[in-house]
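Read the structure below first, then the notes.
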Amino acid sequence: MSNMSLYIGEFVGTTLLLLLGNGVNMTCSLKHSYGKGGGWIVTAFGWGFAVMIPAYVTGWVSGAHMNPALTIALAVTGKFSWNLVFGYIVAQMLGGILGATLAYLTYKAQMDAEPEPAVKLGVFSTGPSIDAPVWNVVTEIIGTALLLIGVLAFGYGEVGIQPGNGAFFVGLLIVIIGMATGGATGYAINPARDLGPRIAHAILPIKGKGDSNWKYAWVPVVGPIIGGILGAVIFDAFLSAVL
Numbered sequence: 006m007s008n009m010s011l012y013i014g015e016f017v018g019t020t021l022l023l024l025l026g027n028g029v030n031m032t033c034s035l036k037h038s039y040g041k042g043g044g045w046i047v048t049a050f051g052w053g054f055a056v057m058i059p060a061y062v063t064g065w066v067s068g069a070h071m072n073p074a075l076t077i078a079l080a081v082t083g084k085f086s087w088n089l090v091f092g093y094i095v096a097q098m099l100g101g102i103l104g105a106t107l108a109y110l111t112y113k114a115q116m117d118a119e120p121e122p123a124v125k126l127g128v129f130s131t132g133p134s135i136d137a138p139v140w141n142v143v144t145e146i147i148g149t150a151l152l153l154i155g156v157l158a159f160g161y162g163e164v165g166i167q168p169g170n171g172a173f174f175v176g177l178l179i180v181i182i183g184m185a186t187g188g189a190t191g192y193a194i195n196p197a198r199d200l201g202p203r204i205a206h207a208i209l210p211i212k213g214k215g216d217s218n219w220k221y222a223w224v225p226v227v228g229p230i231i232g233g234i235l236g237a238v239i240f241d242a243f244l245s246a247v248l
């Protein structure tokens with residue numbers, strides 16, 4: 006694969022991720038959606054599938070990182086070329102913006118009819134249930150560390166997962182991380198998943214929207230990057246200790 010093919014794979018994968026994921030949020034949260042009140046279990050499973058399906062669609066092209074925290078963590082631990090990191094992140098961010106925009110267009114009438122500006126933002130990007138920045142970062146660190154440990158474990162040959170099944174188990178991993186940690190911050194665990202849609206929210210002509218809560222925007226970027234690196238380092242240390 007050429008570098009451009011890899012970047013296209015990441016762009017397409019992340020676009021699908023945010024179209025599906027933000028679409029799940031809109032289904033469960035918008036006042037005039039048939040799925041209004043679907044609840045956190047629907048949200049967690051929805052995001053699990055929103056990760057799994059694009060991973061099957063584009064994983065054979067680029068590895069389906071779809072997450073700058075994953076890309077950076079793999080590069081830091083020597084599992085991915087630093088020469089590709091910038092291109093991957095640009096592709097992921099652009100995909101996040103486009104995917105969120107497509108979700109908005111899907112629900113344009115319902116977004117216009119939604120009376121609460123906070124809901125209009127919440128279907129795009131994450132926010133804390135309690136605004137405590139240090140602990141919000143800790144939550145994102147823990148959630149993303151769990152993601153990296155799981156992803157690396159599923160890809161480790163001795164685990165015995167058959168080729169082609171990894172994306173399924175990653176989807177289930179996203180579900181349980183959402184159920185276990187998502188109630189605190191909405192579990193971004195991915196800078197492109199939060200910052201891309203937040204940018205889309207800021208630039209789209211959304212009727213009756215409020216601000217994009219930029220004072221919180223650093224948390225779902227910094228926390229996942231730290232957590233991703235920490236998770237990759239922990240997994241490598243575990244291997245070194247037991248082998």
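Residues in the sequence shown are numbered consecutively from 6, following this note's numbering.
By construction, the Cβ of each residue, glycine as well, lies at the ideal position given by its N, Cα and C atoms.
Given the structure is predicted, the values throughout are model-derived calculations rather than measurements.
Contact set for residue i: own chain, Cβ-Cβ below 8 Å, skip 5 residues either direction
i      : result
Gly188 : Trp45, Ser134
Val142 : Val224, Val227, Gly228, Ile231
Cys33  : Gly40, Lys41, Gly42, Gly43, Gly44, Val47, Thr48, Gly51
Ala158 : Val164, Phe240
Leu209 : Thr106, Tyr109
Pro120 : Lys36, Gly213
His206 : Ala105, Lys125, Leu126, Phe129, Ser130, Lys214, Ser217
Pro168 : none
9 Å Cβ cutoff met for residue i and residue j
i      : j      : result
Gly313 : Gly100 : Since the first residue shown for the chain is 6 and the last is 248, residue 313 is missing from the structure and cannot be characterised.
Asp241 : Thr82  : yes
Met144 : Gly215 : Before going on, a small fix: residue 144 reads as Thr here, not Met. No, these two residues do not count as a Cβ contact at 9 Å.
Gly176 : Met71  : no
Val62  : Gly92  : no
Ala150 : Gly236 : yes
Gly14  : Ala108 : no
Asn30  : Val128 : yes
Leu178 : Gly162 : no
Simplified DSSP assignment, three categories, for residue i
i      : result
His70  : coil
Thr131 : coil
Glu145 : helix
Gly169 : coil
Asn30  : helix
Lys125 : helix
Met6   : coil
Ala222 : coil
Ser245 : helix
Ala193 : coil
Glu15  : helix
Pro202 : helix
Thr82  : coil
Ile211 : coil
Tyr112 : coil
Asp117 : helix
Leu103 : helix
Tyr39  : coil
Ala236 : For clarity, residue 236 is Gly in the given sequence; the question names Ala instead. Helix at Gly236.
Gly279 : Since the first and last residues shown for the chain are 6 and 248, residue 279 lies out of range.
Tyr161 : coil
Cβ-heavy atom distance, residue i to the ligand GDP, below 8 Å
i     : result
Phe54 : The ligand content of the structure shown is nil, which means the ligand GDP is not present either.
Contact set for residue i: own chain, Cβ-Cβ below 7 Å, skip 5 residues either direction
i      : result
Gly160 : Gly171
Ile147 : Thr186, Gly232
Gly191 : Thr131, Gly132
Val238 : Thr82
Phe16  : Ala96, Leu99, Gly100
Val90  : Thr76, Ile77, Ala80
Ser10  : Val66
Ile182 : Gly148, Leu151, Leu152, Tyr192, Ile194
6 Å Cβ shell around residue i - same chain, five flanking residues per side excluded
i     : result
Ala69 : Gly18, Ala60, Thr63
Pro73 : Ile94, Gln97, Pro196, Ala197
Leu79 : Phe85
Ala55 : Leu22, Leu25, Gly26
* **Inter-stretch contact (C-beta, 8 Å, three-pair minimum) for the region 109-116 and the region 180-197** => The region 109-116 is not in contact with the region 180-197.
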